[in-house]
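Heads up: the structure comes next, in structure tokens.
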Amino acid sequence: MYRESTIVNESASLPYNGGDEGDMIINVGPQHPSTHGVLHLIITLNGETVKKVDPNLGYIHRSMEKMCESLTYRQFIYVTSRMDYLSAHINNHCCALCVEKGLQLEVPPRAQVIRVLMDELTRLASHHLWWGAFAMDVGALTPFFLAFREREMINDIMEETCGTRLTMNYMVPGGVMADLHPDFQKRVHEFIAHFKKKIDEYDELITDNIIFQNRTKGIGYISKEDAIAFGMTGPSARGSGVQCDIRKLYPYEVYDKLQFDEIIETGGDCFARYMVRMKEMKQSISIIEQLIDNIPEGDFQAKTKAVLKLPKGEFYSRVETARGELGVYIISEGATTPYRIKFRSPGYCNLSALDHMAKGQKIGDLVAIMGALDLVIPDIDR
Amino acid sequence: MTRDELKIKISELLPSAVFEEGGEWLNVQIDPAVWLPFAEQLRSSPDLSFDYLFCVTGVDWKTHLSMVYHLSSTNYRHTLVVKAKLDLNQPEIESVSHIWRTAEFNEREAYEMFGIKFLHHPDLRLLILPEGWEGKNPMRKDFEDPVNMIKL
Amino acid sequence: MSFIKNYLNDVWGAVKSLATGMKLTSQYAIHHKKEKITQLYPDNRDTLLLPERFRGEVVLIHDENNEHACTGCTACEIACPNGSIKIITKFDITPEGKKKKALDTFVYHLDMCTMCNLCIEACPTDAIKMDQTFEHSVTDRNDLIKILNKPGSRIRDGVE
Amino acid sequence: MWSLQNITDNIHDWLYATFNPTVAMLIEYAIIGALAIGLFAMLGLVLIYMERKVSAWMQLRLGPNRVGPKGIFQTTADTLKLIVKEGMTPTGVDKLLFNLAPFIVMIVAMVVLAPLMFAKGFQIWDLNIGVFFITATSSLSVIGILMAGWASNNKYSLLGAMRSGAQIVSYELSAGLSVLAIIVLTGSLRLSDIINSQENGWWIFKGHIPVWIAFVIYIIAVTAETNRAPFDLAEAESELTAGFHTEYSGMKFALFFLAEYVNIFVVCALGATLFLGGWMPLHFGTNTRFNEVMDYIPSSVWFFGKTFFLIFVIMWFRWTFPRLRIDQLLNLEWKYLLPISMINLLLVTFIAIMNWHF
């Protein structure tokens with residue numbers, strides 16, 4: 001019999017009223033070390049066992065969709081860097097693709113290759129950060145720094161070519177903003193060599209570790225059918241055996257000419273999701289290796305008008321970010337600004353499956369599940 | 001299934017459907033009243049099997065609202081866009097969260113952003129907006145926030 | 001018997017996997033001088049090299065004669081997504097006696113700028129560029145509102 | 001040979017010759033108290049600095065390097081900060097228990113220092129049940145932790161405290177059983193006897209594989225008992241933010257923090273005493289040249305060297321491994337460590353009876 005504070009109705013102001021006698025309602029977040037941002041989860045516990053997870057969003061909602069309605073087609077792209085800040089390039093890419101679809105603009109081959117290279121570098125950086133953060137979620141602190149060592153190299157490459165490290169605004173309708181830096185190829189080669197040397201350490205330190213395997217195997221199981229029904233995409237869904245890599249299914253830019261595998265694991269648990277991302281990193285490296293010495297010469301940007309006007313209609317583009325399928329849905333009324341814009345963010349749908357996955361697991365597992373989902377809160381809240 | 005086959009199949013299922021020209025995918029305009037049985041058919045019909053609802057959007061057209069559902073099938077990889085016209089003052093549509101679980105969250109977002117009421121939704125509460133939000137729905141075109149809006 | 005064998009195999013595999021990890025961290029601990037990646041930031045300020053494309057803040061390029069290339073066309077102001085730039089124009093009288101639009105004050109709100117580079121892309125005369133400074137913290141937010149054209153500066157001849 | 005024994009004996013003799021016995025005894029108590037508190041503070045400073053440096057090296061960082069040369073005054077500065085910080089008492093807490101808990105934890109950690117032998121003849125209290133005293137009192141710290149968790153009126157604290165309770169109570173068993181292995185071999189609970197029995201070699205060399213197993217289990221169990229990663233479930237940062245001390249701040253938090261490190265020191269010192277010979281230098285056999293060379297190294301250096309090596313190993317664990325889950329933690333204890341240490345104890349007993357050890 002705990003004192004007053006465990007009485008279930010303590011959070012009466014919150015609209016959730018489930019929970020039986022003896023249940024404990026805990027607010028995980030908005031400030032909590034393992035939510036990686038300002039995610040607020042209201043979890044109902046029975047002892048250590050999670051009975052219900054109720055996400056409460058909006059702590060970092062910037063109403064990007066509304067904001068973009070007042071920005072022109074050139075301007076709104078930079079806003080989307082702040083959506084899923086770890087795959088900022090890929091977000092920008094998706095928006096640029098959508099605008100190009102509307103303008104029926106042909107992107108020069110050099111720009112296409114540069115875009116794919118940047119996408120894959122971003123994916124690598126994002127997966128590195130996820131690896132470190134996931135290891136930290138399950139309690140190992142050293143991997144975070146190892147991951148940052150590699151990620152820093154990618155960020156330096158980005159900084160050299162794009163000018164910024166995280167929110168680049170490098171993709172513009174019709175191509176990329178600037179040509180590659182002369183040192184780009186050299187730096188990427190250095191990074192590939194370094195990465196290949198260090199990736200085994202990741203396995204030594206975390207993947208093969210017995211404690212880590214026990215913490216993730218069989219945890220947060222979701223079946224293939226459920227994953228599809230919840231709209232899960234990206235590595236989180238591919239861990240359950242869902243074929244959902246947009247790069248393979250609906251290839252954009254030069255992805256259809258590249259040799260790479262769509263990683264699919266059938267475990268459906270946190271470890272499967274972990275393995276998908278680990279293998280995806282190697283695939284990204286192989287994509288970069290295929291492209292880095294074969295960048296075609298030519299323009300990096302197609303000729304566009306100073307003021308972009310999309311014809312009346314609806315345009316939808318989808319790309320594969322580090323977290324899953326990002327869709328940009330633009331409804332145009334023929335003006336210089338979109339009439340309505342919708343971002344179909346991968347994190348939002350992945351988060352909706354959290355309750356399903358965490359039910360009946362322990363608190364420690366909840367943290368592992370959140371880590372394996374690779375949630376980026378600004379992506380969920382937009 | 002190609003776009004034309006899909007069109008024939010859909011018009012068999014729902015004779016009242018109106019098809020829109022243009023767009024990347026087949027667009028079908030339906031009456032909100034028939035949405036629930038239509039959705040069930042789309043999901044369960046073996047040669048359609050739309051099992052993946054990847055985008056749920058509300059749109060404010062000033063004269064009316066509309067809900068846009070982007071559906072896809074992981075088996076056949078065909079895509080369909082379903083649009084339902086809703087009344088501006090009393091927007092109501094049946095929830096499809098029991099057919100596609102992802103709709104539960106997405107409908108909650110549309111509910112608070114556009115004020116569209118989803119009938120028989122299991123848990124229709126505010127998700128993103130703060131508790132006790134009063135006033136207009138933020139994504140409506142007539143929404144104005146004099147305090148936080150920066151006028152350029 | 002196989003139960004005991006499995007049990008011992010479990011224990012052995014677990015110990016081995018833990019030992020591999022410990023070997024790795026001990027390697028890093030032993031070679032920490034070589035492996036460290038920390039940069040001693042305020043100490044290495046003099047040797048810190050930022051790439052030339054680094055987006056620190058917008059500056060108006062002035063040459064040695066205190067002349068710039070800004071015609072006051074407000075292309076950057078239009079291109080800016082969040083209103084960080086405000087151009088105040090005036091009318092110069094050209095030697096021919098015509099009125100000509102020119103830059104009076106180039107107001108730049110660093111506090112609102114997101115370093116998106118769109119203004120630099122939009123500038124028809126390449127009058128502005130991104131500077132490599134990054135230490136922008138100030139104690140008063142009004143200090144972040146900058147006037148980019150230097151006092152007494154004028155437009156370079158021949159720039160239209 | 002130079003030894004701390006001479007110093008302590010001289011002080012003792014001088015005190016009793018100068019003052020009457022009561023006063024002399026009181027003065028002795030005061031000196032011991034001052035030394036213990038001094039050691040306590042020193043250990044806190046040194047161990048926290050060591051932890052930060054070790055972690056930095058393993059994580060490709062530099063560690064503290066600003067305050068003083070190589071940052072050695074960093075912990076001093078941190079302690080000063082914690083002392084001058086406001087000790088907040090949230091509303092709704094049980095004030096008495098809340099304020100008492102850190103002191104209980106600290107007092108327990110200090111009391112355990114009593115029977116430890118820091119060097120040859122340098123011991124506060126040569127108790128005839130020394131080992132038993134340490135295992136008995138060190139388990140009292142769980143009361144302080146439970147108190148802190150309960151009184152904080154915070155669900156995270158409560159969960160952390162309950163986890164800690166389950167954990168410490170379970171791991172006491174295998175720690176105790178592995179300690180028993182040495183007791184069986186020496187036949188004494190007195191720490192000085194145990195150390196003297198290792199004059200011709202430490203138990204870890206003399207006792208064959210069973211003592212090795214006991215040693216490994218002891219290290220694992222005490223890591224869990226002191227709530228250190230990978231068993232730091234009581235304060236699991238990514239799950240419970242800070243566990244049982246979520247609500248503590250200022251000096252009260254510092255006491256928890258210090259007590260954690262002193263506890264590590266105590267269990268490592270006990271491990272060093274039981275398995276690695278305490279202050280006893282590295283000896284092989286009797287009366288060899290090698291032993292004489294080893295004897296030139298002061299006994300306190302031996303003791304602290306061994307202890308700090310064990311502390312380093314525990315820190316090494318922390319910065320390498322992920323955290324276990326609570327049910328896995330208890331599985332490890334009840335399904336693996338306890339059966340193994342029980343069988344191991346039988347083996348050790350057998351060895352002791354057959355006199356097979358060296």
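Protein chains in written order, with my numbering: chain U, 1 to 382; chain G, 1 to 152; chain L, 1 to 160; chain H, 1 to 358. A virtual CB, placed ideally from N, CA and C, is assigned to each residue, including glycine.
If distances are taken between C-alpha atoms only, which option among the options comes closest to residue i?
i	options	result
Gln213(U)	Val53(U), Thr336(U), Ala372(U) and Leu39(U)	Ala372(U)
Gly277(H)	Ile340(H), Ile7(H) and Val301(H)	Val301(H)
Ile27(H)	Pro322(H), Leu39(H) and Ile11(H)	Ile11(H)
Glu385(U)	Pro338(U), His356(U) and Leu351(U)	No information on residue 385(U) is available, as it lies outside the stretch 1 to 382 that chain U covers here.
Tyr170(U)	Gly152(L), Leu50(L), Ile120(L) and Asp43(L)	Ile120(L)
Ser16(G)	Ile30(G), Glu40(G), Gly115(G) and Pro130(G)	Ile30(G)
Leu129(U)	Thr216(U), Leu146(U) and Ile114(U)	Leu146(U)
Ile311(H)	Thr8(H), Ile107(H) and Met50(H)	Met50(H)
Ser223(U)	Gly268(U), Arg340(U) and Arg238(U)	Gly268(U)
Thr139(L)	Cys116(L), Asp111(L) and Lys150(L)	Asp111(L)
Glu253(U)	Ile380(U), Gly327(U) and Leu117(U)	Leu117(U)
Lys150(L)	Gly97(L), Pro42(L), Phe106(L) and Phe134(L)	Phe106(L)
Cys94(U)	Ser284(U), Arg110(U) and Lys342(U)	Lys342(U)
Phe50(G)	Val82(G), Gln90(G) and Leu127(G)	Val82(G)
Phe114(G)	Glu104(G), Leu48(G) and Ser66(G)	Ser66(G)
Gly21(L)	Glu201(U), Gln112(U) and Pro30(U)	Glu201(U)
Arg77(G)	Leu375(U), Val367(U), Asp245(U) and Gly132(U)	Asp245(U)
Leu26(G)	Glu144(G), Ser95(G), Leu53(G) and His70(G)	His70(G)
Lys279(U)	Leu291(U), Arg110(U) and Glu265(U)	Glu265(U)
Considering only their Cβ atoms, is the gap separating residue j from residue i smaller than 9 Å?
i	j	result
Arg323(U)	Asp84(U)	yes
Lys309(U)	Gly174(U)	no
Lys121(G)	Glu107(G)	A small fix is needed here, since residue 121(G) is His in this sequence, not Lys. Contact: yes.
Val319(U)	Asp119(U)	yes
Glu150(U)	Lys198(U)	yes
Leu41(U)	Asn56(U)	yes
Thr74(L)	Leu60(H)	no
Glu109(G)	Tyr348(U)	yes
Leu24(L)	Leu205(U)	yes
So, is the C-beta of residue i closer than 9 Å to a C-beta in chain G?
i	result
Asn383(U)	What the structure shows of chain U is the stretch from 1 to 382, and residue 383(U) is not part of that stretch, so it cannot be assessed.
Glu10(U)	Since pLDDT at Glu10(U) reaches only 38, below the 50 mark, its modelled position is unreliable, and no value is offered.
Distance cutoff 9 Å, beta carbons only. Does residue i sit that close to anything in chain H?
i	result
Val367(U)	yes
Asp261(U)	no
Gly37(U)	no
Leu18(L)	yes
Val11(L)	yes
Arg3(U)	For Arg3(U), the predicted structure reports a pLDDT of 34, less than 50, and the residue's modelled location is therefore unreliable. A value from the coordinates is still provided. For Arg3(U), the answer is yes, since a Cβ of chain H falls inside 9 Å of its Cβ.
Cβ of residue i less than 9 Å from any chain L Cβ?
i	result
Phe321(H)	yes
Arg52(H)	no
Tyr336(H)	yes
Report yes or no: is there a C-beta of chain U within less than 9 Å of the C-beta of residue i?
i	result
Met130(L)	yes
Leu127(G)	yes
Leu118(L)	yes
Met1(H)	The predicted position of Met1(H) is uncertain, since its pLDDT is 46 and thus under 50; no value can be drawn from it.
Quick one: is the Cβ of residue i within less than 8 Å of any heavy atom of the ligand MN?
i	result
Gln75(U)	Only the bare structure without any ligand can be found here, which leaves the ligand MN out of the picture.
Exercise. Got a sec: which bits of the segment 53-71 of chain L sit with their beta carbon under 7 Å from any beta carbon on chain U, in order along the chain?
Worked result: Within the segment 53-71 of chain L, Arg53, Phe54 and Arg55 place their CB atoms closer than 7 Å to a CB of chain U, listed in sequence order.
Exercise. When you check each C-beta in the segment 20-52 of chain L against every C-beta of chain U, which residues fall closer than 7 Å?
Worked result: Thr20, Gly21, Leu24, Thr25, Ile37 and Pro51
For this session: Would you list, in chain order, the members of the segment 54-86 of chain H that have their beta-carbon closer than 7 Å to a beta-carbon of chain L?
Result: Answer set for the segment 54-86 of chain H: Val54, Trp57, Met58, Leu60, Arg61 and Leu62.
Exercise. Would you call the segment 36-43 of chain G and the segment 98-106 of chain U touching, i.e. three or more CB-CB distances under 8 Å?
Worked result: Result no; under three Cβ-Cβ pairs closer than 8 Å.
Exercise. Would you call the segment 44-55 of chain U and the segment 356-363 of chain U touching, i.e. three or more CB-CB distances under 8 Å?
Worked result: yes
Exercise. Which residues, in order along the segment 239-268 of chain H, keep a beta-carbon less than 7 Å from a beta-carbon of chain U?
Worked result: Glu239 and Thr241
For this session: Check whether the segment 71-79 of chain H touches the segment 222-242 of chain H, counting contact only when three or more Cβ pairs, one atom from each stretch, lie closer than 8 Å.
Result: no
For this session: Mind checking the segment 86-108 of chain L against chain U and listing, in chain order, the residues whose C-beta falls within less than 8 Å of any C-beta there?
Result: Those would be none; no residue qualifies.
For this session: Take every Cβ of the segment 188-201 of chain H, pair it with every Cβ of the segment 307-326 of chain H, and state whether three or more of those distances are shorter than 8 Å.
Result: By the Cβ test, the segment 188-201 of chain H is not in contact with the segment 307-326 of chain H, since fewer than three Cβ pairs between them sit closer than 8 Å.
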